[in-house]
Amino acid sequence: MALHRGRGFAAINYPIGMNLGGDPSQALVHSNPEGKFTVALSSIDLGQGMKSVTRQIAAETLGVPVEDVYVDTADSDTGPHCMGSFASRGTHRVGNAVIEAAQEARAVMLEAAAEELEVDAGDLVTDGRGSIHVKGAPSRAITTMAACQAAQFRQGRTVSGRGIFLIPLSEVDPDTGEMTPVSCFAHAAMLVEVEVDDETGEVRVLDMQSAYEVGRALNPRLVEQQLVGGAWMGMSHAAWETTEPRYPDRAHGPVDFNSYLMPGPGDIAPHHISVLERPAPDGPFGGKGPGEMCANPVLPAVCNAVYDAVGVRIDELPVTPEKVLRGIRANGGARPRGRL
Amino acid sequence: MAKKPVTFTLNGAERAAFADDGENLLQFLRRGVGDLGPKYGCGQGSCGACTVLVDGAPHLSCLMLAEAVAGRRVETVSGLARDGALHPLQEAFMDGFAAQCGYCTPGMLMAAKALLDRNPRPSRDEVVEAIGGNLCRCTGYAPIIEAILAAAERRATA
Amino acid sequence: MMEFRKEFFADDRDDDLVTIGQPVRRQDILGHVTGRSPFYDDHLFEGLLHIRCARAPHHHARIRRIDTSEAERMPGVVRVLTGRDVPRNLNTLLSLLDFGLDDEPILAETKTAYRGEPVAAVIAETEAQARDAVLKVRVDWEELPHVLDPEESLKPGAPVVCDVYPLNRFVYHGKYDHQKLRYGDVEAAFAAADHIVEGRYQMSPIEQAPIETCGAIAAPEVNDRYVCYTGTQGLFFSLGTAAKVLQMPSSRLHFVGGTVGGGFGGKVDSVHEPIAILGAMLTARPCKFAWDREEEMQVGAPRGAERWYIKDAVARDGRILARKFTGYFDAGAYTRLSSYAVIKSVGHLPGPYTIPNVSADVYCVYTNRTPSTAMRGFGITGVDFAIECHMDKVAETVGMNPIDLRILNAYRDGDMKAHRRVAKNCALVECCQVVADKAGVTLAAEARDATSLTGGGGARGELPAFTRTDDHGRVEGFDTGSYARKGGTAPASASPPRSPVPARAEGQRASAGGSMPPADAARSRAPAQPQPAPQAPVQPPASAAQVPPASERTAQPGAARRAGALRFSSLSGFRRR
């Protein structure tokens, strides 16, 4: 009876957004009299950081400090339509809508600044720290606050903008499946090391080495949150979870977290992540959505690692000790492969 | 329905409210007292989102009768920041991106506070043990463990 | 532990941004750590009522009679709702996209198709009283034969799960009982292959398990409106569903949400909002309808099970010459979102590889289990599990390092994909190389030198000279104007589709730009809007110009008979050829 180590690999790509399009999102941006901006959305923050990433996108586009922007979502009386937070569409679809809205508001702010400075709006730049100045002449400047005040109290302009992003709906050919699914893909590769006990059938994930290509990491810590948490979920899908342990039989369905199992804080494996950035041509600042795809490579990588360790193919999830033991017995013992 | 008066200390202030017969502490705190910090996640004592401290020890408020806290000292996440100053755990969770949806955070923070109150410099294993009854579906736990260790470090060096 | 590998694709990036790329703290983090973030249940209402459902104990059963009289007399009970109280007691989620037929009652009236299906909703002063009264709802059941395995469900004579889809499967384009993918000729490739590798894979059903369970609170608001605090993942999805089910103008609904305790796909289904609002309408009091954890796990829609069969033709050197899929999505008793997941999945095949011959038949199958719905990676996670386990078998068959095999077959910029659009912005090769490097795996020289930017296109960017098509799974008597309406006009495959999508124009199919519509050249914008600034991302044309006039839309067969309250998209293209 022994512990066997094995390594398994998997690589995946992932479509960003509802894959046939037809899923619009809108944004409204406006300034208060002091040059502080509100972004109104109907998008949902369920932990992925919707409020935070759209706030950074708005601040970058407006050219104001991120502290000067607040995202208000989701109230159907004040936020414009959004399809919803699913299908990895939040960053991509809503982000693009926010850019369009912020560009319109920024244009008004710059026109107001130009009128105050008596220059051409096309010659103005923002420094991202609350100042607007003439390109190449930083001393000819006005604060974003003063520009917004001038717009509203002297010039009679509303510093506001509207944005929508829509990829029109694609049709699907019934005979060939020809279609235009999504506009960009994220990528990942993952190598998992496991330890399999050939006496108990238990599988422990020891280590994860990954590379994720996310377009552009709009906020690296938010990306890290998704990749760490998502890979944990992938590991959980691989070897812990199911609502129907005897599928397709419905018996023994869990009713609480004592029978619905997930890895706890003592079960986690070190995860060494590398992030690659190949900006999506149509993504907000090149961003794609990392939140869904991060779990996907872990499931097959764990199964492949179990095979590498003891020579048992688990083609039905989850990888339970029972399935591993039955496989080992059917083979007449553990058969380590050591292929990777 | 019979109602019972319950007098207790909540986050340092004396409180009195009526509890329904058989009402659990979680519902009593949320609906009866108006402290919305503790969260309902399962009502079965299996997720930890409702964790509060009673006389300094962590308890699952969904499994405890409201009347059981009569005369005792209850602490919730709502009282973690004092006089406008955040608790080191709160600072560490913010800096360490240790929350995503934030729903398990109130219970997680209270379990961690109970640990640090009795063991100011816990090992990683002791942190893992202390939050073993608190589920998080978003983070994969690693950032939470790191944040609790960072808070202990911060308090020790402050 | 996370590092950036900035040396990859450096030429694709301008790294001159101010706020983007910075590790800015989350906007909501102070609320989270102080326990003050307002989740839907953190809104207190005086006199809040609680709703709980009476549910079917059988996999499949006819309802002879529902007797709520005893439940209504229970302490604290204010009202008991049944299907008769629901203004429009039949819905399908994607009717908001004009996709599929209304198939699921809000509260079942004549039969139930899964264990746990709701038949009545008790509204009481406390949750405990609602629980007690639910036990007093009397239903006279007649148990029916049931089917739980998707392949069994497709056999002749299997019990009919849902009367709206008598074949136990979703009908695509009014033409086939599954979604097809046909690219090249897999059978010819199988005949000529050095190796055939086959596999069967079963993805398990999985619970989203957000720590906050699904729920909503609705209350009468001033001026004859209703406010609804909700944990939905799609605010307007839920609002539109409620407006349709309650036959109420959407202007009378005020939805508030956006702060949600985890979702992972499980909070799209809009189950709670209509019933909570209906309760508020009929009692004139605030009503909360939420699942407890047991309901979340057993009647909350999970990630559905998927079964995949894969067959590969492989050359001795490791190149995959053909790949054939047969897939079964277990939708459970009703469609929810599974019909859409099948199409998403088909558009993803054969995975991130360039394979010259690909074929797939993917079925959306009904069984007598809890309906399944979206979860993180919906439509992709299950088949990626299958594909990547299969790749490991292929590598072993040809005696190759598994990472070398992936790089050899990886898609590159300019390659033609099986859904007939050109690949761009690829990065699979580089991800494989980085992991191999970190894990100390020595790659073959060709794999080490490969890039996503080179080696693609050319002959790899051409459509196959011949694609074998077939009529397998053809259904008759369904209207092409809908996915599955029976008894409509005959299939009219000869008539050309109206094409609202510029990307389908012939000339753009094989362009280097790939699948995206052209950028600013085709923009048709409202004149009031300013020109985009230089850093604007490339965007497709605005939609307004492409939406057909309303008269044209309602002239579509079937469209006038539909009851969708909201139409979000340019519509009928989705269900028409």
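Chains as they are written, first to last, in the working numbering: chain A, 1 to 340; chain B, 1001 to 1158; chain C, 2001 to 2577. Built from N, CA and C at the ideal position, the CB exists for glycine as well.
CB contact check: residue i to chain A, cutoff 8 Å
i: B/Tyr1040; result: no
i: C/Leu2239; result: yes
i: C/Glu2142; result: no
i: C/Asn2425; result: yes
i: B/Pro1120; result: no
i: C/His2348; result: yes
i: B/Val1006; result: no
i: B/Thr1139; result: yes
i: B/Ser1061; result: no
i: B/Pro1088; result: no
i: B/Glu1126; result: no
i: C/Pro2166; result: no
Any chain C beta carbon closer than 8 Å to residue i
i: A/Pro181; result: yes
i: A/Ile273; result: yes
i: A/Ile132; result: no
i: B/Cys1101; result: yes
i: A/Pro318; result: yes
i: B/Ala1068; result: no
i: B/Ser1078; result: yes
i: B/Leu1036; result: yes
Interface flag, residue i vs chain B, CB-CB below 8 Å
i: C/Tyr2212; result: In the sequence on display, residue 2212 of chain C carries Glu and not Tyr. Taking Cβ atoms only, chain B reaches closer than 8 Å to C/Glu2212, which makes this a yes.
i: C/Leu2030; result: yes
i: C/Gly2257; result: no
i: A/Asn331; result: no
i: C/Thr2326; result: no
Assumed close pair residue i, residue j - CB separation to whole angstroms, cut-off 8 Å
i: A/Phe285; j: A/Arg216; result: 5 Å
i: C/Asn2089; j: C/Glu2072; result: The Cβ separation is near 20 Å, so there is no contact.
i: C/Glu2151; j: C/Val2078; result: So it is not a contact: roughly 46 Å between Cβ atoms.
i: B/Cys1062; j: B/Asn1011; result: At roughly 19 Å, the Cβ-Cβ gap does not stay under 8 Å, so B/Cys1062 and B/Asn1011 are not in contact.
Contact under 8 Å by Cβ, residue i with residue j
i: C/Val2033; j: B/Gln1100; result: no
i: A/Gly17; j: A/His92; result: yes
i: C/Asp2330; j: C/Ala2301; result: no
i: C/Gly2076; j: A/Phe86; result: no
i: C/Gln2129; j: C/Met2074; result: yes
i: C/Ala2158; j: C/Cys2053; result: no
i: C/Pro2350; j: C/Arg2323; result: yes
i: C/Arg2200; j: C/Tyr2363; result: no
i: C/Ser2359; j: C/Val2475; result: no
i: C/Gln2202; j: C/Ala2333; result: no
i: B/Leu1053; j: B/Lys1003; result: no
i: B/Arg1015; j: B/Ala1092; result: no
i: C/Ile2211; j: B/Ala1111; result: no
i: A/Ile328; j: A/Asp197; result: no
i: A/Ala112; j: A/Ala137; result: no
i: A/Ser52; j: C/Arg2026; result: yes
Length of the line joining the Cα atoms of residue i and residue j
i: A/Gly283; j: A/Ala74; result: 23 Å
i: B/Leu1135; j: B/Cys1047; result: 5 Å
i: C/Gln2433; j: C/Thr2442; result: 10 Å
i: C/Arg2523; j: A/Phe165; result: With a pLDDT of 34 at C/Arg2523, under the threshold of 50, the modelled position of that residue is not reliable, and the figure given next carries that caveat. Approximately 12 Å, taken between the alpha carbons.
i: A/Glu193; j: C/Glu2273; result: 44 Å
i: A/Asp120; j: A/Ala186; result: 41 Å
i: C/Leu2453; j: A/Glu277; result: 14 Å
i: C/Pro2497; j: C/Lys2175; result: Bear in mind that the predicted position of C/Pro2497 carries a pLDDT of just 31, short of 50, making it too unreliable to give a figure here.
i: A/Ala305; j: A/Phe9; result: 7 Å
i: C/Ala2439; j: A/Leu191; result: 7 Å
i: A/Ile44; j: C/Asp2194; result: 51 Å
i: A/Arg337; j: C/Ile2407; result: 21 Å
Discussion item. For the segment 2282–2298 of chain C against the segment 2212–2229 of chain C, do three or more pairs of beta-carbon atoms, one drawn from each stretch, fall closer than 8 Å, so that the two count as touching?
Written reply: yes
Worksheet item: Is the segment 175–185 of chain A in contact with the segment 2420–2439 of chain C, if contact means three or more CB pairs nearer than 8 Å?
Response: yes
Discussion item. Measuring CB atoms only, is the segment 247–266 of chain A touching the segment 1128–1147 of chain B, in the sense that at least three cross pairs come out at less than 8 Å?
Written reply: yes
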